[in-house]
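K.L.:
The number in the numbering used here is simply the position in the sequence shown, starting from 1, with 79 added. Don't be surprised by glycine CBs; every beta carbon is placed ideally from N, CA and C. Given the structure is predicted, the values throughout are model-derived calculations rather than measurements. Structure in structure tokens, see below.
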Amino acid sequence: MVNDPRRYVVIGGGLAGLASAVWLAEAGKQVTLLERRGRLGGRTHTMKVDAVDDVPDNGQHVIASGYDHLFRYLTSIGTREFVAFPHHATLRWPDGRSTTMATKGLGALRTLFGAHPDASLLDRLRAARATLRLGWQCLHQPADLADLTTEQWFQRIGMPATAREALWDWLALGVAAEPVQQESAKVLADVMATGIRLGIKHRQPATIGYPTTDLDTLFITGAERVFERHGVQVRHRAVARRIHIVDGAVTGVELADGTVVPADAVVCAVPNSNVGGLLDELPEHADIYAAADKLGYTPIVSTNLYLDRPLGTTSQFEALIGGTGVIDEVFDRQLMTGRGTDRAWLYCLTTSGAYEQIHKTNEAIVAEQMELLRRYYPAAADAKVIQGHVVRMPKATFSQVIGTHGLRPDQRTSVPSLVLAGDWTATDWSATMESAAQSAARAVDLLLALPSVP
Ligand SMILES: Cc1cc2nc3c(=O)[nH]c(=O)nc-3n(C[C@H](O)[C@H](O)[C@H](O)COP(=O)(O)OP(=O)(O)OC[C@H]3O[C@@H](n4cnc5c(N)ncnc54)[C@H](O)[C@@H]3O)c2cc1C
């Protein structure tokens, strides 16, 4: 039953907007969701590839065990069961060598202290000491951390080259989607501090998992069921242009076609690249726009590679050390989702911080990826590419390079009935799905705390 006469409007149908709409609906509110595209999901969705009659994801997404708000969202929409946490991953070197990287228990400690096959005993001792220093400095951060790149921080704490190559550079790239030479050390430190705190809270160390299904099934279809149940109105191809504010309260959202959707409370859940113009009537809009601009973007290139034979992977996800300049990951969709191989074997390759690759043609990217795979997997030598589906995302996430600390805006604005959400707003996490979900939880809490309408 709806007791609150307010009309809640959520702008943006990515994870932050979906979670906001789901949780407002669960709280019994009247919700309208505006999405400028013809589909929901934002940066997490499937794509149709006609040539192989398949619907792969736009890019492989991994999920950390500390994604509490994302798990809350999955529980709300009934898809929590579609996330698995493997016991190990594999690190591979171009000469055919590989190491199993335990992700749980004592094995994980061994990984932390030296997963490199060439690591000497001295290297391992140094890695152990540097890792302890790193953990300490995450929780008790040196004042100048925001002025250091992650590489400078690693050098300062004495992280040996073998430990960096096998684990830390790869992990840091995964956390901030920027190479360690550019990434702000504070981003890694903050995320690790969150991971350590959550590990203590849940009494188990943070680990990495993955979806066992496609992204639409994981994030969207369950939300649509909730929307149907609670009468949430979803408007596709509704491009919000400006949020109207009168006397310190929102009154409506103007769309690109000139119509106005009446609103008494608004969650603005668009990425930093799309916020321009929407907040013009908010007193502090110039500061938010300036922050959105400075946060900028980092590119990710994902390739869905359909091969005529298996590569010989031994884990669901494998890291290729020393790949194309940045470290690449290979995801085996057969092992992850149990998909059949009657038509092809599907491998998803991800290059984060793909500043060079993003400018290449699809053919060049597929050729480069195949060349790379041949250096790591003997079975790739004779493999034929049935289809190479390249997804280039120049604005994959906001950028977390040095100099961006403190820019992310809070969900609260000076207008109580207008809140911000989205991975780029201030949260405990870097640019992740958890940041999107956490921002939604904070935004919704702020709106639910509004005084009731007399
Ligand atoms: C290739 C790739 C790999 C990634 N890998 C991982 C990973 O492994 N783990 C992880 O945690 N995260 C990962 N991420 C990041 C994660 O996908 C994002 O952080 C998250 O999906 C962002 O959600 P969001 O709701 O904040 O923004 P978005 O998903 O961008 O949603 C914003 C929505 O707003 C809509 N919109 C914009 N402007 C308007 C407007 N004016 N009117 C109406 N609608 C509008 C957009 O169309 C979009 O649907 C990855 C991202 C990419 C691209």
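So, helix, strand or coil for F233, using DSSP?
P.N.:
By one-based count along the sequence shown, residue 233 stands at place 154. It is helical.
K.L.:
At which residues does the beta strand (DSSP E) containing G274 begin and terminate?
P.N.:
Position 195 of the sequence shown, counting from 1, holds the residue named residue 274. Run containing G274: none in the beta strand (DSSP E); it sits in the alpha helix (DSSP H), A264 to H281.
K.L.:
State the beta-bridge partners of E397 as determined by DSSP.
P.N.:
Start at 1 with the first residue of the sequence shown, and residue 397 comes out as number 318. E397 is bridged to T169 and V409.
K.L.:
Suppose the cutoff is 6 angstroms on Cβ atoms and the five residues either side in sequence are ignored; what does the same chain contact list for G375 look like?
P.N.:
On the sequence shown, position 296 is the one that residue 375 refers to. Closer than 6 angstroms at Cβ, skipping near neighbours: S478.
K.L.:
Give me, in chain order, the residues of the same chain whose beta-carbon lies closer than 6 angstroms to that of S531; leave out the 5 immediate sequence neighbours on both sides.
P.N.:
The residue you call residue 531 lines up with position 452 of the sequence shown. Excluding positions up to five away in sequence, the list is empty.
K.L.:
Return the Cβ separation of A510 and T476 in integer angstroms, given the expectation that the two are a contact with Cβ distance under 8 angstroms.
P.N.:
As a position in the sequence shown, residue 510 is number 431, starting the count at 1. As a position in the sequence shown, residue 476 is number 397, starting the count at 1. Between T476 and A510 the Cβ distance is about 3 angstroms, and since that is below 8 angstroms, they are a contact.
K.L.:
Suppose you measure from the CA of N137 to the CA of L200; what does that come to, to the nearest Å?
P.N.:
Locating residue 137 in the sequence shown gives position 58, counting from the first residue. Locating residue 200 in the sequence shown gives position 121, counting from the first residue. If I take the Cα positions, the gap works out to 42 angstroms.
K.L.:
Count the other CB atoms within 10 Å of the CB of N82; is the residue buried (16 or more) or exposed (fewer)?
P.N.:
Numbered from its first residue, the sequence shown carries residue 82 at position 3. When all chains shown are included, N82 counts as exposed.
K.L.:
According to DSSP, which residues form a beta bridge with W424?
P.N.:
Residue mapping note: residue 424 aligns to position 345 of the sequence shown, counting from 1. Partner(s): L386.
K.L.:
Which one of V313, A207 and D421 has the shortest CA to CA distance from G117?
P.N.:
Walking along the sequence shown from the start, residue 117 turns up at place 38. Closest option to G117, Cα to Cα, is V313.
K.L.:
Please return the same chain residues whose Cβ sits closer than 7 angstroms to the Cβ of A251, not counting the five positions on each side in sequence.
P.N.:
Residue mapping note: residue 251 aligns to position 172 of the sequence shown, counting from 1. For A251, where only same-chain residues beyond five positions count, the Cβ hits under 7 angstroms are T229, V259, E262 and L267.
K.L.:
Which of the three DSSP states is assigned to D434 in this structure?
P.N.:
Indexing the sequence shown from 1 puts residue 434 at position 355. In the sequence as presented, Asp is not what sits at residue 434; that position holds Tyr. Three-state result, Y434: coil.
K.L.:
Can you tell me the Cα-Cα spacing of W172 and A515, whole angstroms?
P.N.:
Looking up residue 172 in the sequence shown gives position 93. Looking up residue 515 in the sequence shown gives position 436. Going by the C-alpha atoms only, they are around 34 angstroms apart.
K.L.:
By a C-beta neighbour count over all protein chains shown, 10 Å radius and 16 as the cutoff for buried, is F164 buried or exposed?
P.N.:
As a position in the sequence shown, residue 164 is number 85, starting the count at 1. With fewer than 16 other Cβ atoms within 10 Å, it is exposed.
K.L.:
Any chance you could list the beta strand (DSSP E) runs of at least 3 consecutive residues sitting entirely within the segment 150-215, in chain order?
P.N.:
Runs found: 167-171 and 177-181.
K.L.:
Does the separation of the CB atoms of Q448 and L399 fall below 8 angstroms?
P.N.:
Residue numbering aside, residue 448 sits at position 369 when the sequence shown is read from its first letter. Residue numbering aside, residue 399 sits at position 320 when the sequence shown is read from its first letter. Taking 8 angstroms as the Cβ cut-off, Q448 and L399 do not qualify as a contacting pair.
K.L.:
What beta strand (DSSP E) runs, 3 residues minimum, are completely inside the segment 331-387?
P.N.:
Complete beta strand (DSSP E) runs here, min 3: 339-341, 344-347 and 377-386.
K.L.:
Just confirm the distance between the C-beta atoms of G121 and L94, as a whole number of angstroms; I'd bet it's less than 8 angstroms.
P.N.:
As a working mapping, residue 121 is identified with position 42 in the sequence shown. As a working mapping, residue 94 is identified with position 15 in the sequence shown. Rounded, the Cβ-Cβ distance is 6 angstroms, consistent with contact.
K.L.:
Tell me which same chain residues have a C-beta within less than 6 angstroms of the C-beta of N441, skipping the five on either side of it?
P.N.:
Locating residue 441 in the sequence shown gives position 362, counting from the first residue. Once the five neighbours on either side are set aside, the close Cβ partners of N441 are V469.
K.L.:
Within 10 Å of its beta-carbon, does I481 have 16 or more other beta-carbons around it, so buried, or fewer, so exposed?
P.N.:
Residue 481 sits at position 402 when you count from the first residue of the sequence shown. Answer is buried; the Cβ neighbour count reaches 16.
K.L.:
Relative to ligand 1, is the shortest distance from any of its heavy atoms to the C-beta of S394 smaller than 7 angstroms?
P.N.:
Translated into positions along the sequence shown, residue 394 becomes position 315. Every heavy atom of ligand 1 is 7 angstroms or more from the Cβ of S394, so no.
K.L.:
For a test of the three-state rule: what should DSSP assign to G288, helix, strand or coil?
P.N.:
Taking the sequence shown and counting its residues from 1, the one referred to as residue 288 is at position 209. Three-state result, G288: strand.
K.L.:
Using the Cβ count rule (16 or more neighbours within 10 Å means buried), how would you classify W215?
P.N.:
Looking up residue 215 in the sequence shown gives position 136. Answer is exposed; the Cβ neighbour count stays below 16.
K.L.:
Use the C-beta contact count for L97: other C-beta atoms within 10 angstroms, 16 or more gives buried, fewer gives exposed.
P.N.:
Within the sequence shown, the letter at position 18 stands for residue 97. Answer is buried; the Cβ neighbour count reaches 16.
K.L.:
Buried or exposed for H438, please, with buried defined as at least 16 other CB atoms from any protein chain shown within 10 angstroms of its CB.
P.N.:
In the sequence shown, counting from the first residue as 1, residue 438 sits at position 359. Classification for H438: exposed.
K.L.:
Can you name, in chain order, every residue of its own chain whose Cβ lies under 8 angstroms from the Cβ of V405, other than the five neighbours on each side?
P.N.:
Numbered from its first residue, the sequence shown carries residue 405 at position 326. With a pLDDT of 48 at V405, under the threshold of 50, the predicted position of this residue should be treated as unreliable, though the coordinate-derived value follows. Excluding positions up to five away in sequence, the list reads L252, P258, T430, S431, G432 and A433.
K.L.:
I322 bridges to which residues according to DSSP?
P.N.:
Position 243 of the sequence shown, counted from the start, is the residue given in the question as residue 322. Its beta-bridge partners are V332.
K.L.:
Sort out for me which residues DSSP pairs G467 with in a bridge.
P.N.:
Translated into positions along the sequence shown, residue 467 becomes position 388. The partner list for G467 (beta bridge, DSSP) reads L384.
K.L.:
Does the contact criterion of 3 or more C-beta pairs under 8 angstroms hold for the segment 296-314 versus the segment 104-112?
P.N.:
In short, these stretches touch, since the Cβ pair count reaches three.
K.L.:
Going by C-alpha distance, which of A319, V354, D489 and N351 is nearest G337?
P.N.:
What you label residue 337 is simply residue 258 of the sequence shown in a count that begins at 1. When only C-alpha atoms are compared, the closest one is A319.
K.L.:
In terms of residues, what are the limits of the beta strand (DSSP E) holding T504?
P.N.:
Counted from its first residue, the sequence shown places residue 504 at position 425. Run containing T504: none; DSSP gives neither H nor E here.
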